[in-house]
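Single-structure report; data block below.
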Amino acid sequence: MICVRCHDYRRQDVVYGSILYFLVPCHLFVAYIIELVAAQQAKGALARAKKTGVDAAANSSQRRQELRAFRTAWHLIAFAHGVNATLNLALATYVVYYHIHHPGIGTLCELHAVIVWLKTCSYAFTNRDLRHALLYPYASEVPELYSSCPYPQNITLHNLTYFWWAPTLIYQPVYPRSEKIRWPFVFKRCVEVIGLSIVIWIASAQYAAPLLRNSLGTISSLDLPSFAERLMKLSTISLFCWLAGFYALFQSFLNALAEVMRFGDREFYGDWWNSSGVRGYWSSWNKPVFQFMKRHIYSPMVGRGVPPLVAQIMTFLFSGVLHELLVGVPTHNILGKITWFVSGVSNANKIQVSPSLV
Amino acid sequence: MMVQLPLIFLTDPLARMKGGNGKLLGNLIFWVSFCLVGQPLAALMYFFAWQAKYGSASKPQLWHSTA
Chain A
9 MICVRCHDYR RQDVVYGSIL YFLVPCHLFV AYIIELVAAQ QAKGALARAK KTGVDAAANS
69 SQRRQELRAF RTAWHLIAFA HGVNATLNLA LATYVVYYHI HHPGIGTLCE LHAVIVWLKT
129 CSYAFTNRDL RHALLYPYAS EVPELYSSCP YPQNITLHNL TYFWWAPTLI YQPVYPRSEK
189 IRWPFVFKRC VEVIGLSIVI WIASAQYAAP LLRNSLGTIS SLDLPSFAER LMKLSTISLF
249 CWLAGFYALF QSFLNALAEV MRFGDREFYG DWWNSSGVRG YWSSWNKPVF QFMKRHIYSP
309 MVGRGVPPLV AQIMTFLFSG VLHELLVGVP THNILGKITW FVSGVSNANK IQVSPSLV
Chain B
163 MMVQLPLIFL TDPLARMKGG NGKLLGNLIF WVSFCLVGQP LAALMYFFAW QAKYGSASKP
223 QLWHSTA
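So the sequences go chain by chain: A and B.
Heads up, the numbering used here is the position in the first sequence plus 8, with the first residue counted as 1.
Heads up, the numbering used here is the position in the second sequence plus 162, with the first residue counted as 1.
Have a look at this one:
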């Protein structure tokens, strides 16, 4: 049943995949150049403010003027970041959808593009906040941890490269770091990744694929009882593959990467298996993405006065669109099923919202 | 997938309930939906859509609409 040689993929897929692999991170460095310009602009603004004697004791009209200037500058920077980030995601999605046939290669490319896209967004948003804190220290506070690398000093290639490889989606100028790299630990995690990948491959080729193939008839003939039977039979092997994949990615791979990067914060997942509801599962199985959503989507919306419930729906919708990109684009089927599924988690208002999106 | 909607209504208050049984029931509902509805159905739907679009060596019966 299992055959290494007969695994079929086109040469074109590998060529396009490799091009994307090198092209996608370039957008992170374009974001760096944008931030470099923004930092220069902020430094200039700070010097001007010092010269004219505008300080914390400035009156309210002056403050408002300052804020307006900050916002104008931010709109320009945000436009540049927006074009750069959107280009990354749009280009990768276009190539994967139209030119990469193999779903596995496509998923890897799309996943890479989405991760870099989220990182680029976080880099832009966090630096915006840091710039704001630098120019108006009376308005916002910077965490104690960042004091070793205050704002304009963090805009360096070294700092960005660390963020590029760090197992997180949220940019911070400084992260908690571990003392040294425990190479035996890295070795063990790598063995786990390789072992589990082989196990998943064998399990899916030997058990899942035949089951999927012989379930097709029950869908096309709309034979519900036997469809339910197939679904239940499929659930065992899909759960097995999912758990093995979850462990390989969130425990083994991310811990190995974190160890090599001496990244201190290892909370990549919560105890979703104990969650007392469906909502608890979605907020704890994938902590890096959940934290991104909370930090850059949910909290800013609530901070701007959006009711928490609406903000939740929007966040879930956004996450649903991302899931759809990750699964629908590589399989060349934008079904909207996952969007529906994920966004359904929030509440019933979604019934009206989701189908229009799909 | 529609099953998820009443599930949220059902499990949200369960999670907030004092005492062990509410949380246990919520966890149970989560696991059943996770195992039966979650991945197998999504996997099957995408596999079906893929087959409908590109076909395969082992052809099942004909169908008229996709998904």
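We treat Cβ as the ideally placed atom computed from N, Cα and C, and that holds for glycine.
Owing to the predicted nature of the structure, the values given are computational and were not obtained by experimental measurement.
Using beta carbons (cut-off 8 Å, strictly below), is residue i in contact with chain B?
i         : result
Thr339(A) : yes
Trp209(A) : no
Met309(A) : no
Val8(A)   : The first residue shown for chain A is 9 and the last is 366, placing residue 8(A) beyond what the model contains.
Ile113(A) : no
Trp250(A) : yes
Gly288(A) : yes
Ser291(A) : no
Ser234(A) : no
Asn294(A) : no
Asn282(A) : yes
Gly285(A) : yes
Leu220(A) : yes
Ser26(A)  : no
Asn247(A) : Position check: residue 247(A) holds Leu in this sequence, whereas Asn was assumed. Yes, Leu247(A) lies at the interface with chain B (some Cβ there is under 8 Å from its Cβ).
Met301(A) : no
Ile227(A) : yes
Leu239(A) : yes
Leu242(A) : yes
Ser327(A) : no
Leu204(A) : no
Between the alpha carbons of residue i and residue j, how many angstroms are there, rounded?
i         : j         : result
Phe210(B) : Leu224(A) : 6 Å
Pro151(A) : Leu138(A) : 10 Å
His140(A) : Tyr159(A) : 10 Å
His120(A) : Gly25(A)  : 10 Å
Tyr216(B) : His110(A) : 12 Å
Asp16(A)  : Leu190(B) : 41 Å
Leu251(A) : Arg312(A) : 38 Å
Leu31(A)  : Pro233(A) : 48 Å
Met269(A) : Ile85(A)  : 30 Å
Arg56(A)  : Met309(A) : 32 Å
Asp273(A) : Pro184(A) : 7 Å
Pro33(A)  : Asp21(A)  : 19 Å
Leu334(A) : Cys117(A) : 9 Å
Ser354(A) : Ala204(B) : With a pLDDT of only 39 at Ser354(A), under 50, the local geometry of the prediction cannot be trusted, and the value read off the model is given with reservation. About 19 Å.
Leu239(A) : Asp279(A) : 26 Å
Gly112(A) : Ser156(A) : 42 Å
Leu186(B) : Trp172(A) : 40 Å
Asn96(A)  : Leu176(B) : 42 Å
Thr226(A) : Phe326(A) : 33 Å
Glu149(A) : Leu230(A) : 60 Å
If you measure from the beta carbon of residue i to each beta carbon in chain A, is any gap under 8 Å?
i         : result
Asn183(B) : no
Gly217(B) : no
Could you have a look at residue i and say whether DSSP puts it in helix, strand or coil?
i         : result
Phe271(A) : strand
Arg312(A) : coil
Arg185(A) : strand
Phe276(A) : coil
Ser260(A) : helix
Val337(A) : coil
Tyr216(B) : helix
Ser307(A) : helix
Met240(A) : helix
Trp293(A) : coil
Met207(B) : helix
Pro175(B) : helix
Val286(A) : helix
Ile113(A) : helix
Asp21(A)  : helix
Asp137(A) : helix
Val376(A) : This structure does not reach residue 376(A), given that chain A is present from 9 up to 366, and the question cannot be answered.
Pro202(B) : helix
Tyr144(A) : coil
Ile108(A) : coil
Is the CB-CB distance between residue i and residue j below 8 Å?
i         : j         : result
His83(A)  : Ile42(A)  : no
Trp212(B) : Asn341(A) : yes
Lys295(A) : Phe276(A) : yes
Gly188(B) : Ser284(A) : yes
Gly114(A) : Val104(A) : yes
Phe193(A) : Glu267(A) : yes
Ser260(A) : Val201(A) : yes
Tyr289(A) : Phe192(B) : yes
Leu181(A) : Leu262(A) : It is Pro, not Leu, that sits at residue 181(A) in the sequence shown. No, the pair does not count as a contact, with Cβ atoms beyond the cut-off.
Ser243(A) : Cys197(B) : yes
Leu204(A) : Ala256(A) : yes
Thr164(A) : Leu36(A)  : no
Ala368(A) : Gln49(A)  : Lying before the first or after the last residue shown, residue 368(A) is absent from chain A, which here runs from 9 to 366.
Could one say the Cβ of residue i lies closer than 8 Å to chain D's Cβ atoms, at least one of them?
i         : result
Lys241(A) : Looking for chain D here will not work: the only protein chains present are A and B.
ask   = Unbroken alpha helix (DSSP H) runs of length 4 or more, entirely within the region 148-230 of chain A: which are they?
value = 165-173, 191-211 and 217-228
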